[in-house]
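Student:
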Amino acid sequence: MASVKAIAFHPQQAHLLATGGGTADRSIKFWNLTTGTLCHSEQTDSQVRLFFVSLFVNAIAFSKHYKELITAHGYPNNVLKIWKYPSMKPVQDLTGHTERVLGLTMSPCGQYVMSASGDESLRLWWCFKVDQSAKQKQNAVKSSSCLMQSLR
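Numbering-wise, the UniProt record's numbering puts 124 at position 124 of the sequence shown, and it's gapless, one number per residue.
1) Between Gly74, Tyr66 and Asp93, which has its C-alpha nearest His85's C-alpha?
2) Please classify Gln111: does DSSP put it in a helix, a strand, or coil?
3) Taking buried to mean at least 16 other C-beta atoms within 10 Å of its own C-beta, is Met114 buried or exposed?
4) In the structure shown, what three-state DSSP assignment does His97 receive?
5) Whole angstroms are fine: how far does the CA of Thr71 sit from the CA of Ser27?
6) Among Trp31, Ala6, Ile82 and Trp126, whose alpha-carbon lies nearest the alpha-carbon of Pro108?
7) If I measure Cβ to Cβ from Arg49 and keep anything under 7 Å in the same chain, skipping five residues before and after, which residues do I get?
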(Lines of atoms letter the chains of each structure in order from A and count residues from 1; the text may use other names and numbers.)
(Lines give C-alpha, C1' and ligand atoms only; values in the text may rest on other atoms or scores of the structure.)
Protein backbone atom coordinates (compact mmCIF):
# COMPACT_ATOMS: atom_id res chain seq x y z
CA MET A 1 0.00 0.00 0.00
CA ALA A 2 1.26 3.50 -0.88
CA SER A 3 0.89 6.65 1.15
CA VAL A 4 -0.88 9.71 -0.27
CA LYS A 5 1.12 12.94 0.05
CA ALA A 6 -0.97 15.34 -2.05
CA ILE A 7 -4.65 15.73 -2.93
CA ALA A 8 -6.71 18.16 -5.04
CA PHE A 9 -10.23 18.41 -6.47
CA HIS A 10 -10.67 19.44 -10.09
CA PRO A 11 -12.23 22.96 -10.12
CA GLN A 12 -14.76 22.23 -12.91
CA GLN A 13 -15.30 18.47 -12.52
CA ALA A 14 -16.45 17.95 -8.94
CA HIS A 15 -16.31 14.17 -9.29
CA LEU A 16 -12.58 14.18 -10.20
CA LEU A 17 -9.84 13.98 -7.57
CA ALA A 18 -6.06 13.91 -8.09
CA THR A 19 -3.69 12.33 -5.57
CA GLY A 20 0.09 12.32 -5.36
CA GLY A 21 1.82 9.17 -4.18
CA GLY A 22 4.45 8.65 -1.55
CA THR A 23 7.56 6.50 -1.48
CA ALA A 24 6.03 3.21 -2.61
CA ASP A 25 4.01 4.73 -5.46
CA ARG A 26 5.53 8.01 -6.72
CA SER A 27 2.73 8.80 -9.19
CA ILE A 28 -0.22 11.09 -9.80
CA LYS A 29 -3.55 9.25 -9.79
CA PHE A 30 -6.92 10.53 -10.99
CA TRP A 31 -10.04 9.17 -9.31
CA ASN A 32 -13.72 9.25 -10.26
CA LEU A 33 -15.46 9.93 -6.94
CA THR A 34 -18.88 9.01 -8.32
CA THR A 35 -17.83 5.44 -9.09
CA GLY A 36 -14.84 5.18 -6.74
CA THR A 37 -12.63 4.00 -9.59
CA LEU A 38 -9.14 4.93 -10.71
CA CYS A 39 -9.33 6.79 -14.04
CA HIS A 40 -5.63 7.17 -14.80
CA SER A 41 -2.20 6.93 -13.18
CA GLU A 42 0.90 8.84 -14.30
CA GLN A 43 4.48 8.30 -13.14
CA THR A 44 6.48 11.51 -12.69
CA ASP A 45 10.06 11.66 -13.92
CA SER A 46 11.31 13.70 -10.98
CA GLN A 47 10.63 10.88 -8.57
CA VAL A 48 13.72 8.74 -8.16
CA ARG A 49 15.41 6.66 -5.52
CA LEU A 50 18.58 8.52 -4.45
CA PHE A 51 20.79 7.21 -1.67
CA PHE A 52 17.94 4.96 -0.50
CA VAL A 53 15.59 7.92 -0.08
CA SER A 54 12.40 7.69 -2.12
CA LEU A 55 10.85 10.90 -3.35
CA PHE A 56 7.25 11.74 -4.16
CA VAL A 57 4.67 14.33 -5.17
CA ASN A 58 4.38 16.78 -2.27
CA ALA A 59 1.45 18.90 -3.52
CA ILE A 60 -1.03 19.21 -6.40
CA ALA A 61 -3.28 22.04 -7.60
CA PHE A 62 -5.46 22.38 -10.71
CA SER A 63 -5.59 25.61 -12.70
CA LYS A 64 -9.09 27.02 -12.92
CA HIS A 65 -8.24 28.94 -16.12
CA TYR A 66 -6.29 26.31 -18.10
CA LYS A 67 -6.54 22.58 -18.64
CA GLU A 68 -3.40 22.17 -16.55
CA LEU A 69 -2.24 21.22 -13.10
CA ILE A 70 0.86 21.94 -11.07
CA THR A 71 2.78 19.57 -8.81
CA ALA A 72 5.54 20.10 -6.23
CA HIS A 73 8.55 17.76 -6.05
CA GLY A 74 11.71 17.22 -4.05
CA TYR A 75 15.18 15.93 -4.78
CA PRO A 76 16.99 15.85 -7.10
CA ASN A 77 15.31 18.73 -8.97
CA ASN A 78 13.32 20.60 -6.25
CA VAL A 79 10.84 21.85 -8.85
CA LEU A 80 7.25 22.70 -9.47
CA LYS A 81 6.01 21.06 -12.64
CA ILE A 82 3.11 22.23 -14.83
CA TRP A 83 1.29 19.46 -16.74
CA LYS A 84 -1.38 19.51 -19.47
CA TYR A 85 -4.52 17.73 -18.30
CA PRO A 86 -5.67 15.10 -19.21
CA SER A 87 -2.72 14.20 -21.49
CA MET A 88 -0.22 14.73 -18.63
CA LYS A 89 2.38 16.10 -21.01
CA PRO A 90 4.90 18.29 -19.14
CA VAL A 91 4.51 22.00 -19.95
CA GLN A 92 7.23 23.60 -17.84
CA ASP A 93 9.46 23.09 -14.80
CA LEU A 94 9.65 26.00 -12.36
CA THR A 95 13.05 26.05 -10.69
CA GLY A 96 14.51 28.23 -7.96
CA HIS A 97 14.19 26.33 -4.71
CA THR A 98 17.43 24.78 -3.44
CA GLU A 99 15.72 22.12 -1.32
CA ARG A 100 12.57 20.05 -1.80
CA VAL A 101 9.30 21.86 -2.43
CA LEU A 102 7.08 21.00 0.53
CA GLY A 103 3.80 22.50 -0.60
CA LEU A 104 1.98 24.94 -2.82
CA THR A 105 -1.26 26.89 -2.90
CA MET A 106 -3.17 28.59 -5.69
CA SER A 107 -4.17 32.25 -5.31
CA PRO A 108 -7.91 33.02 -5.22
CA CYS A 109 -7.68 34.62 -8.69
CA GLY A 110 -6.10 31.43 -10.04
CA GLN A 111 -3.16 33.16 -11.72
CA TYR A 112 -0.47 32.75 -9.05
CA VAL A 113 1.03 29.85 -7.13
CA MET A 114 2.91 30.23 -3.84
CA SER A 115 5.39 27.46 -3.03
CA ALA A 116 7.16 26.64 0.23
CA SER A 117 10.47 24.82 0.41
CA GLY A 118 12.79 23.13 2.86
CA ASP A 119 15.26 25.91 2.03
CA GLU A 120 13.04 28.14 4.24
CA SER A 121 11.82 30.21 1.30
CA LEU A 122 8.47 31.07 -0.22
CA ARG A 123 8.27 31.79 -3.92
CA LEU A 124 5.44 33.44 -5.83
CA TRP A 125 4.99 32.22 -9.41
CA TRP A 126 2.78 33.83 -12.09
CA CYS A 127 1.80 30.58 -13.80
CA PHE A 128 -1.66 31.02 -15.30
CA LYS A 129 -2.13 34.38 -17.01
CA VAL A 130 -5.77 35.33 -17.56
CA ASP A 131 -6.91 37.23 -20.65
CA GLN A 132 -8.25 40.46 -19.13
CA SER A 133 -10.77 41.12 -21.94
CA ALA A 134 -12.32 37.67 -21.42
CA LYS A 135 -12.34 38.24 -17.66
CA GLN A 136 -14.11 41.61 -18.07
CA LYS A 137 -16.77 40.00 -20.29
CA GLN A 138 -17.28 37.26 -17.71
CA ASN A 139 -17.60 39.82 -14.90
CA ALA A 140 -20.07 41.87 -16.96
CA VAL A 141 -22.28 38.81 -17.39
CA LYS A 142 -22.09 38.04 -13.68
CA SER A 143 -22.83 41.60 -12.58
CA SER A 144 -25.88 41.89 -14.85
CA SER A 145 -27.53 38.83 -13.32
CA CYS A 146 -30.24 39.63 -10.76
CA LEU A 147 -29.45 36.36 -8.98
CA MET A 148 -25.80 37.30 -8.57
CA GLN A 149 -26.71 40.78 -7.32
CA SER A 150 -29.04 39.44 -4.66
CA LEU A 151 -26.57 36.97 -3.14
CA ARG A 152 -24.61 39.43 -0.97
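Glycine residues also receive a C-beta, built at the ideal position from the N, C-alpha and C atoms. Remember, it's a predicted structure, so these values are computed and weren't measured experimentally.
Tutor: Here's the rundown:
1) First, the residue type needs correcting, since residue 85 is Tyr and not His in the sequence shown. Of the candidates Gly74, Tyr66 and Asp93, the one whose C-alpha sits nearest the C-alpha of Tyr85 is Tyr66.
2) In the three-state reduction of the DSSP assignment, Gln111 falls in the coil class.
3) Answer is exposed; the Cβ neighbour count stays below 16.
4) His97: coil per DSSP, three-state reduction.
5) Here the alpha carbons of Thr71 and Ser27 stand approximately 11 Å from one another.
6) With distances taken between CA atoms, Pro108 lies nearest to Trp126 out of Trp31, Ala6, Ile82 and Trp126.
7) Because the pLDDT at Arg49 is just 45, under 50, the model does not fix this residue reliably, and the point stays unresolved.
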